[in-house]
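Trainee: Anchor point for the sequence shown: position 16 equals 16 in the UniProt record's numbering, and the numbering is continuous, going up by one each time. Pasting a structure here, questions to come.
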Amino acid sequence: MGEAVRRPGHPDGRGQPDRGHAGAPPPQERRLLAVDGTSHRGHPARRFQSDRPEAHAAFDPAPRAAPGRAHARGAARVRVPRRRGRRPAGRRRRAPVAGGGHRLSDPASTFSTGETLHARVEALARRRLGATGPVTDLQTLTAGANKGTWAFRAPVDDRQASFILQRQAPSGAPDPDAGPDDWVPHLDGTQEFQVMLAAEAGDVPVPHVRHILEPDDGLGEGAVTERIDGETIPARVLRQPELEGARVRMAAQCGRILAGIHRVPVDRLHFLREFDAQATLDLFQRTLDAVGLPLPPLELALRWARERMPRAPRRSLVHGDFRTGNFIVGPEGIRAVLDWEIAHVGDPMEDLGYLCMRTWRFGGPGPVGGFGAREELFAAYEKASGLTVDPQEARFWEVVGAMRWALGCVRRAHAWRHQRERKLEFAAVGRRIEEPVYDLLNVIEGRD
């Protein structure tokens, strides 16, 4: 099955869909421009000629490259052919790396001569997972500066078990692209999986964490989880005929799952940051002040939000990125919730509003994730939690989510302008600010 090509996207590094808006210029009318107004070859930009809406409306938000249907899934990459010119004198071709062909690059996990990722994973499987034979099918699913994901199989308890290895850059390492302020409360490679264990104990569907990496594993920070089959790519979740029954159930399932997440005790998760509405809006203001650009739509949205902050918000665990693209989906519905790295303590209504953002509908008709109605989501949440949902509070967080995405675009553009190494991805993200601005103005004015 072919894989959809995704553009650089999410301001927090997790990718963003390229989708059209009702009332906005259709995708085929958008121009692909360099920052100087020319095309990538230096000529006046030509119109993008694709007339297939599915080519624009449904991109996976997460830049992950898993071709299979496992929870460490991913977006396809645009492959740029290498030049085939001669190498400079004295330069040798790199020898291939055995055992999956991947060496770890961060200081916490460099290998001694001849040692490969395969060898370390095999040692881990024997010591920590009870493997009785060699590791097979080790393959990269994602690879990035901050996080990498691999799939592998190993014989455990007289069967071939499938696992996912996720590794993160060492905690405490500064993010050179962080921008004016800490943006969202990212967890390190150990904390994220501790939250997942707490969620699983509360019957929240997550991939089972088999082992959180320790220093003597020699693999840095991260964990090994069991692999769960299913679909994660939004375009497929929202359009595949075999998932039609799942789409009918998913809004109510989301309500029940969120009720479970918000019941998870946070007293033992002492590392979680408090990030409520006041802290979020204060961060947005500091970001606007640091960037120093006139952005009237965001100033308007910020004033609108300050006037409508929830007066007595509840306090609970908040997933922070609960949306289509972070669910493993089968014919029966949602099998697991992924990507807990920005979990924090805050207002539980944040998760409900965030799920309803137009950004996460991927061209689907339903306001909840592209597949359901708000009424279904809220009713299921109220029944499972015993709490009452105020639709205006959920709407408040929907606007805040759009502001977060818009300011993320601003931060990427700011980084592109002021950093020594100018990354094209930052410029590409920065120019997309009109999308979340269009969304948040629609929500403010009561349009869906």
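Where a beta carbon is used, it is the ideal one built from N, C-alpha and C, also for glycine.
Which of the three DSSP states is assigned to Thr-280 in this structure?
Mentor: Here Thr-280 sits in helix by DSSP.
Trainee: Taking all protein chains shown into account, do 16 or more other C-beta atoms lie within 10 angstroms of the C-beta of Gly-222, making it buried, or fewer, making it exposed?
Mentor: Result: buried.
Trainee: How is Gln-160 classed by DSSP in three states: helix, strand or coil?
Mentor: Gln-160: strand per DSSP, three-state reduction.
Trainee: Which residues does DSSP pair with His-344 in a beta bridge?
Mentor: Answer is Val-318.
Trainee: Classify Leu-129 as helix, strand or coil using the three-state DSSP reduction.
Mentor: In the structure shown, Leu-129 sits in coil (DSSP, three-state: anything other than H, G, I, E or B).
Trainee: CB Thr-149 to CB Ile-164, shorter than 8 Å?
Mentor: Yes, Cβ-Cβ distance for Thr-149 and Ile-164 is below 8 Å.
Trainee: Tell me the residue span of the alpha helix (DSSP H) that contains His-186.
Mentor: Where His-186 is concerned, there is no enclosing alpha helix (DSSP H), given that its DSSP letter is neither H nor E.
Trainee: Can you tell me where the beta strand (DSSP E) with Arg-333 in it begins and where it stops?
Mentor: Contrary to the premise, residue 333 reads as Gly rather than Arg in this sequence. Looking at the DSSP string, the run of the beta strand (DSSP E) that includes Gly-333 is 333-337.
Trainee: According to DSSP, simplified to helix, strand and coil, what is Val-138?
Mentor: Per the sequence presented here, residue 138 reads as Leu, with Val not at that position. Note: Leu-138 maps to strand in three-state DSSP.
Trainee: Exposed or buried, Glu-192, counting other C-beta atoms within 10 Å across all chains shown (16 or more means buried)?
Mentor: Glu-192 comes out buried.
Trainee: How would you write the range of the beta strand (DSSP E) that Phe-426 sits in, first residue to last?
Mentor: Unbroken run through Phe-426 is the alpha helix (DSSP H), 424-430; no beta strand (DSSP E).
Trainee: Pair every Cβ in the segment 217-232 with every Cβ in the segment 324-344, then say whether three or more of these pairs are closer than 8 Å.
Mentor: Yes, they touch.
Trainee: If we count the other Cβ atoms within 10 Å of its Cβ and call it buried at 16 or more, is Val-437 buried or exposed?
Mentor: Buried, because 16 or more other Cβ atoms sit within 10 Å of the Cβ of Val-437.
Trainee: In its own chain, which residues sit with a C-beta less than 6 Å from the C-beta of Cys-409, not counting the 5 before and 5 after it?
Mentor: Result list for Cys-409: Pro-11, Val-429, Gly-430, Arg-432, Ile-433, in chain order.
Trainee: Rounding to the nearest angstrom, what Cα-Cα distance links Ala-312 and Pro-207 in this structure?
Mentor: Cα to Cα, the separation comes out at about 34 Å.
Trainee: Taking Phe-396 as part of the beta strand (DSSP E), name the residues at either end of that continuous run.
Mentor: That residue, Phe-396, is in no beta strand (DSSP E); its alpha helix (DSSP H) goes 391-418.
Trainee: What is the C-beta distance between Asp-276 and Met-357, in whole angstroms, given that I count them as a contact (C-beta under 8 Å)?
Mentor: Going by Cβ atoms, the distance from Asp-276 to Met-357 rounds to 19 Å, so no, they are not a contact pair.
Trainee: Quick one: measure Cβ to Cβ for Leu-187 and Ala-343, integer angstroms, because I've assumed they're closer than 8 Å.
Mentor: 6 Å between Cβ atoms; contact.
Trainee: Between Val-204 and Ile-257, how many whole angstroms is the CB-CB distance? I'm expecting something under 8 Å.
Mentor: About 6 Å; that satisfies the 8 Å criterion.
Trainee: So, at 8 Å on beta carbons, what are the nonlocal neighbours of Pro-389 in its own chain, with the 5 sequence-adjacent residues on each side left out?
Mentor: Note on residue identity: the sequence assigns Val, not Pro, to residue 389. Cβ within range, chain order: Met-349, Leu-352, Phe-378, Tyr-381, Glu-382.
Trainee: Starting from Phe-378 and walking both ways along the alpha helix (DSSP H), at which residues does that stretch end?
Mentor: Phe-378 -> alpha helix (DSSP H) spans 374-385.
Trainee: In angstroms with no decimal places, state the Cα-to-Cα distance between Arg-303 and Leu-295.
Mentor: Cα to Cα, Arg-303 sits roughly 13 Å from Leu-295.
Trainee: My assumption, with CB atoms under 8 Å, is that residue 491 sits in contact with Gly-370. Please give the rounded CB distance.
Mentor: With the chain covering only 1 through 448, there is no way to say anything about residue 491.
Trainee: Taking DSSP's pairing of strands, which residues face Ala-154 in a bridge?
Mentor: According to DSSP, Ala-154 bridges with Ala-161.
Trainee: Between Gly-346 and Arg-263, is the Cβ-Cβ spacing less than 8 Å?
Mentor: Their beta carbons are not under 8 Å apart, which means Gly-346 does not touch Arg-263 by this criterion.
Trainee: Apart from the five residues just before and just after Asn-326, which ones in its own chain have a Cβ nearer than 6 Å to its Cβ?
Mentor: Only Leu-338, Asp-339 meet the Cβ criterion.
Trainee: For Ala-252 and Glu-332, I'd like the C-alpha separation in whole angstroms.
Mentor: Each residue's alpha carbon lies about 12 Å from the other.
Trainee: Using a Cβ-Cβ distance under 8 Å, would Asp-351 count as near chain D?
Mentor: Note that chain D does not occur in the displayed structure, where there is just one protein chain.
Trainee: Roughly how many angstroms separate the alpha carbons of Pro-365 and Glu-200, rounded to a whole number?
Mentor: Their Cα atoms are separated by approximately 31 Å.
Trainee: At which residues does the alpha helix (DSSP H) containing His-208 begin and terminate?
Mentor: No alpha helix (DSSP H) holds His-208; DSSP gives it neither H nor E.
Trainee: Please work out which residues of its chain come closer than 6 Å, Cβ to Cβ, to Arg-247, disregarding the five sequence neighbours upstream and downstream, and give them in chain order.
Mentor: Closer than 6 Å at the Cβ level, and outside the excluded window around Arg-247, lie Phe-371.
Trainee: Along the chain, where does the alpha helix (DSSP H) containing Val-248 start, and where does it finish?
Mentor: Its alpha helix (DSSP H) spans residues 244-263.
Trainee: I'd like to confirm the pairing. Which residues does DSSP put opposite Phe-327 in its beta bridges?
Mentor: In the DSSP output, where bridge partners are listed per residue, Phe-327 has Val-337.
Trainee: How big is the Cα-Cα spacing for Glu-447 and Arg-374?
Mentor: It should be pointed out that residue 447 corresponds to Arg in this sequence rather than to Glu. About 14 Å.
Trainee: Would you mind reading off the limits of the alpha helix (DSSP H) that contains Leu-293?
Mentor: Unbroken run through Leu-293: none, as it is neither H nor E.
Trainee: Cα separation between Ala-402 and Ala-279?
Mentor: In a straight line, the C-alpha of Ala-402 is about 16 Å away from that of Ala-279.
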